[in-house]
Amino acid sequence: MAAKTLTIDGKPITAEEGATVLQAADEAGIKIPTLCHLDGVYDVGACRLCLVEVTGVAKLLPACTTRVAEGMEVKTDSERLRKYRRITLELLFAERNHVCAVCVANGHCELQTLAYSQGMDHVRYEYLFPKWGVDTTHRLFGMDHNRCVLCTRCVRVCWHVEGAGTKNVAGRGTRSHIITDLAMPWGESDSCTQCGKCVQACPTGALFHKGSTTGEMERDRGKLEFIVTAREKKQWVTAD
Amino acid sequence: MQLDDLNAIAEKEKAAAKKICLRTCMSAGCMSSRADVIKKNLDAEVKAQGMEAEVEVRRVGCMGFCGQGPLVGVDHDDGREELFEFVKPEDAPAIVSSLKGGPCDVHRGDPKHPFFAKQVKIVRANGGIVDPESIEDYIAVGGYQALHQALTELKPAEVVEAITKSGLRGRGGAGYPTGLKWGTVAKSAGNKKYVVCNGDEGDPGAFMDRSVLESDPHLVLEGMAIAAYAVGADQGFLYVRAEYPLAISRLQIAIKQAKQLGLLGGGIFETPFIFNVDIRIGAGAFVCGEETALMASVEGKRGTPRPRPPFPAESGLWGCPTLINNVETFANIAPIIANGAEWYASFGTEKSKGTKVFALTGKITNNGLIEVPMGIPLRQIVEEMGGGAPDGRQIKSVQTGGPSGGCIPAQHLDTPVDYESLTKLGSIMGSGGMVVMDDTTNMVEIAKFYMEFCMDESCGKCIPCRAGTVQMHNLLDKILKRKATARDLAKLEELCDMVKNTSLCGLGQTAPNPTLSTLRFFRNEYEQLLQPDKFGPRGNGEPKKASVAA
Chain Z
499 MAAKTLTIDG
509 KPITAEEGAT
519 VLQAADEAGI
529 KIPTLCHLDG
539 VYDVGACRLC
549 LVEVTGVAKL
559 LPACTTRVAE
569 GMEVKTDSER
579 LRKYRRITLE
589 LLFAERNHVC
599 AVCVANGHCE
609 LQTLAYSQGM
619 DHVRYEYLFP
629 KWGVDTTHRL
639 FGMDHNRCVL
649 CTRCVRVCWH
659 VEGAGTKNVA
669 GRGTRSHIIT
679 DLAMPWGESD
689 SCTQCGKCVQ
699 ACPTGALFHK
709 GSTTGEMERD
719 RGKLEFIVTA
729 REKKQWVTAD
Chain H
782 MQLDDLNAIA
792 EKEKAAAKKI
802 CLRTCMSAGC
812 MSSRADVIKK
822 NLDAEVKAQG
832 MEAEVEVRRV
842 GCMGFCGQGP
852 LVGVDHDDGR
862 EELFEFVKPE
872 DAPAIVSSLK
882 GGPCDVHRGD
892 PKHPFFAKQV
902 KIVRANGGIV
912 DPESIEDYIA
922 VGGYQALHQA
932 LTELKPAEVV
942 EAITKSGLRG
952 RGGAGYPTGL
962 KWGTVAKSAG
972 NKKYVVCNGD
982 EGDPGAFMDR
992 SVLESDPHLV
1002 LEGMAIAAYA
1012 VGADQGFLYV
1022 RAEYPLAISR
1032 LQIAIKQAKQ
1042 LGLLGGGIFE
1052 TPFIFNVDIR
1062 IGAGAFVCGE
1072 ETALMASVEG
1082 KRGTPRPRPP
1092 FPAESGLWGC
1102 PTLINNVETF
1112 ANIAPIIANG
1122 AEWYASFGTE
1132 KSKGTKVFAL
1142 TGKITNNGLI
1152 EVPMGIPLRQ
1162 IVEEMGGGAP
1172 DGRQIKSVQT
1182 GGPSGGCIPA
1192 QHLDTPVDYE
1202 SLTKLGSIMG
1212 SGGMVVMDDT
1222 TNMVEIAKFY
1232 MEFCMDESCG
1242 KCIPCRAGTV
1252 QMHNLLDKIL
1262 KRKATARDLA
1272 KLEELCDMVK
1282 NTSLCGLGQT
1292 APNPTLSTLR
1302 FFRNEYEQLL
1312 QPDKFGPRGN
1322 GEPKKASVAA
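Going down the list, the protein sequences come from chains Z and H.
According to this note's numbering, the first sequence is numbered sequentially starting from 499.
According to this note's numbering, the second sequence is numbered sequentially starting from 782.
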């Protein structure tokens, strides 16, 4: 496979033919902000955060789906790109109910991290406060649509890594939302293999393991009793 | 089927022609005013008055003057033409008896009206003339001759060459050179290739493609077949929106007829060329008019666009090289092959060749479909052909290009209608919607209307379009409600720029256009609605610089 030579932010680098600009930048230690991109899953170029400037191309190009080319000059950072990225994040925060303080992902959220790193310190747009529900019908996992950014990572891992095809997108525009099978409660899904890959893929707190949200912790006191009974009576059962 | 058979059908059809032909428009517009009953009554009346030998009542496609419909045209064998307008089913006896010189008070139109006289018809040449449900009618006016010519006299590369030389550009809106696109698909490696016809017309006020499909479906099929031969495809898909049931049923009939005569399928004109066409019906999403979303929809997936490259010409349907053209583009192909590239290039301007069909609607006296040579001044269309604004009003602006286009103000009415001139004015040629607005129109409301359309039709995939259109819509609404300040207007402009430059597909990239163009030409209408900014530095409505730049 031939190698391509290009410059990213003035830094000359080589990349394998067929590699994306994002991969090439990553290898060279240049960080491009992403949200819908997830290593190991194919890219869709949806979040528009990784847009970069390429000399000679009038349009901004998504680094995640643009292939490297010989002599390409890429700029990943400029006043204009920083402004667009901030607006993109502001639009996301205004779109649904992203309240970090009461979120399961607080401190471990890619949206939150992006907002910090891009210097998005406040939202200038009207909050839409949509009324989205929470699906907690699944035995192990929950889905809070209010925290979803529609990156479709969950859909992609479900179809292309697990191969279950449980998750999908329904609705148009701002009414788009993630559905399970044919828009049924997650707990009633026959196709879901309960693998949990979608939860691992989610960048925000939209998909979560049950029992990890605020006020959900339950203690299993029976466990202590089980151990004590086993030790003292040599019986591996609970007392009653 | 060979050329002799084709000519025999044409001769037979011409020999069967009667002295008088009553052409009854049975396109969707006239049909909604009971054109089917009119045709039935005319048929019965011709029989009742014993004129079957000399009078034919023919179902025809759109005649164009939709605002005056239902229309009935009369062709006499001495070349005389008559036109009846606003025909009602009970007018049938009077119309038929008028053919014998009887009294008739049905509203008469003028077939020489500037609305008709200024037109140059290439795409719509058969519209209102042939029966769209009869392949013989189409063959009688020279149909499928161009396909025969292409298959037997030209090499595929020569067909591409002819289209390139003709200067034809994509009629879907963007104006990409058609020959260049064909050449790319022809040269793309792959054993399997596809030809797709984009009939997902969805701009508000646009009905050009519907009319072409309803009036002359074989013209589109013939164009697709020639295209398939040129690029090396053997399968075509006609993507038509479900809201066009009449177009779909006429296409189904046309495909069946063409197959029966061996003009579609295997061994067309006894050459090794194979071409089949299937119809795919859209499910109501405007974004499926975007080519990559359309292809996803044809494949049975959710209709959302994907980043290009790869372009469909390289990797389209199921990863195969795919040629996608608009209905009107395909409708131009057979005439170009039949009459030559030079003939076609003689119409239009240097960079925009041929003709363009427009749907003339809105605040205009003469509503309907027109086909005009490229480069015609906008004024000639709206004032001479369209008859200006009704009720003595003044024309304020002409909107072209639908939700991706812009509003051209009255002071620019002398602009020639071609791709470059319209782009220079911040609008686009678009697919052919032309909505005329008079001086009662509030331009901010217009901007909000188009933004609402884009907001509803955004597929939801990329953030700028999905969330940005909502915010822009809300800001426009706030301005209209007189609750906005200069700061909101600045925010709106900033969002317009951002959504235009960062959206994934054409829908989002062009969604701010109606707002940007009304801001460019009618900024005062926005500013009149603004409120003083209480939080400005001097409370005088001036935005604080720092807060806007953030």
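Glycine included, each C-beta is placed from N, C-alpha and C at the ideal position.
Note that this is a predicted model, so its numbers are computed, not measured.
Any C-beta of chain H under 9 Å from that of residue i
i       : result
S576(Z) : no
R622(Z) : yes
G631(Z) : no
P510(Z) : no
K502(Z) : no
V545(Z) : According to the sequence displayed, residue 545(Z) carries Cys and not Val. It does; some Cβ of chain H falls within 9 Å.
V542(Z) : yes
K573(Z) : no
P701(Z) : no
L536(Z) : no
K731(Z) : no
L626(Z) : yes
L612(Z) : no
L648(Z) : yes
T564(Z) : yes
Check whether residue i and residue j have beta carbons under 9 Å apart
i        : j        : result
A1006(H) : C1240(H) : no
G948(H)  : G1097(H) : no
V1021(H) : G980(H)  : yes
V901(H)  : I876(H)  : no
F865(H)  : D858(H)  : no
S1208(H) : C1188(H) : yes
G810(H)  : D984(H)  : no
G1150(H) : V1179(H) : It should be pointed out that residue 1150(H) corresponds to Leu in this sequence rather than to Gly. No. Outside cutoff.
R546(Z)  : T1283(H) : yes
A1267(H) : L1256(H) : no
C652(Z)  : C700(Z)  : yes
V976(H)  : G1017(H) : yes
A500(Z)  : E515(Z)  : yes
Residue i versus residue j - alpha carbon distance
i        : j        : result
A1009(H) : T1052(H) : 14 Å
R991(H)  : G713(Z)  : 58 Å
L1311(H) : P531(Z)  : 37 Å
L626(Z)  : P1190(H) : 34 Å
N1106(H) : A1292(H) : 22 Å
A1094(H) : V966(H)  : 5 Å
T1085(H) : V1068(H) : 7 Å
H894(H)  : T1299(H) : 33 Å
Q1041(H) : Q1033(H) : 12 Å
L823(H)  : R815(H)  : 13 Å
V1329(H) : K1272(H) : In this prediction, V1329(H) has a pLDDT of 46, which is less than 50 and means its spatial position is unreliable; what the coordinates show is noted afterwards. Their Cα atoms are separated by approximately 7 Å.
K936(H)  : A797(H)  : 36 Å
Closer than 9 Å to chain Z by CB, residue i
i        : result
S1328(H) : Low per-residue confidence applies at S1328(H): pLDDT is 49, beneath 50, and the placement is therefore not dependable, though the value from the model is reported in the following sentence. Interface residue, yes.
G1063(H) : no
C811(H)  : no
A1077(H) : no
K1262(H) : no
P1093(H) : no
Residue nearest to residue i in terms of C-alpha spacing, selected from the options
i        : options                                : result
V1001(H) : A1077(H), V904(H), Q1038(H)            : V904(H)
D785(H)  : A1035(H), V901(H), F1050(H), A1023(H)  : F1050(H)
D1172(H) : G1143(H), L1159(H), G1183(H)           : G1143(H)
D575(Z)  : E588(Z), L559(Z), V566(Z)              : L559(Z)
P998(H)  : K974(H), R1089(H), P1295(H), G908(H)   : G908(H)
G860(H)  : G1167(H), M807(H), K799(H)             : K799(H)
G1135(H) : C847(H), L1104(H), Y1200(H)            : Y1200(H)
C649(Z)  : P628(Z), K557(Z), L590(Z), E723(Z)     : L590(Z)
K1315(H) : L1276(H), R1301(H), Q1309(H), D1269(H) : D1269(H)
A927(H)  : A1115(H), N1223(H), M1166(H)           : A1115(H)
Q1192(H) : I1176(H), G1183(H), G1182(H)           : I1176(H)
To be precise: take each residue of the segment 1044–1059 of chain H, compare its Cβ to all Cβ atoms of chain Z, and keep it if any distance is under 7 Å. Which residues remain? Flagged: no residues at all.
Going along the segment 657–681 of chain Z in order, which residues come within less than 9 Å of chain H, judged by CB to CB distance? Taking 9 Å as the Cβ-Cβ cut-off against chain H, the residues of the segment 657–681 of chain Z that qualify are N666, V667, A668, G669, R670, G671, T672, R673, S674, H675.
Taking any Cβ of chain H, which residues in the segment 586–609 of chain Z have a Cβ under 8 Å from it, in chain order? Cβ contacts with chain H: T586, L589, L590, A592, E593.
Short of 7 Å Cβ to Cβ, which residues in the segment 1201–1230 of chain H face chain Z? Listed by position, the residues of the segment 1201–1230 of chain H near chain Z (Cβ gap below 7 Å) amount to none.
Quick one: which residues of the segment 1232–1254 of chain H get their C-beta closer than 9 Å to a C-beta of chain Z? List them in chain order. Answer in chain order: C1235, M1236, D1237, E1238, S1239, C1240, G1241, K1242, C1243, I1244, P1245, C1246, R1247, A1248, G1249, T1250, V1251, Q1252.
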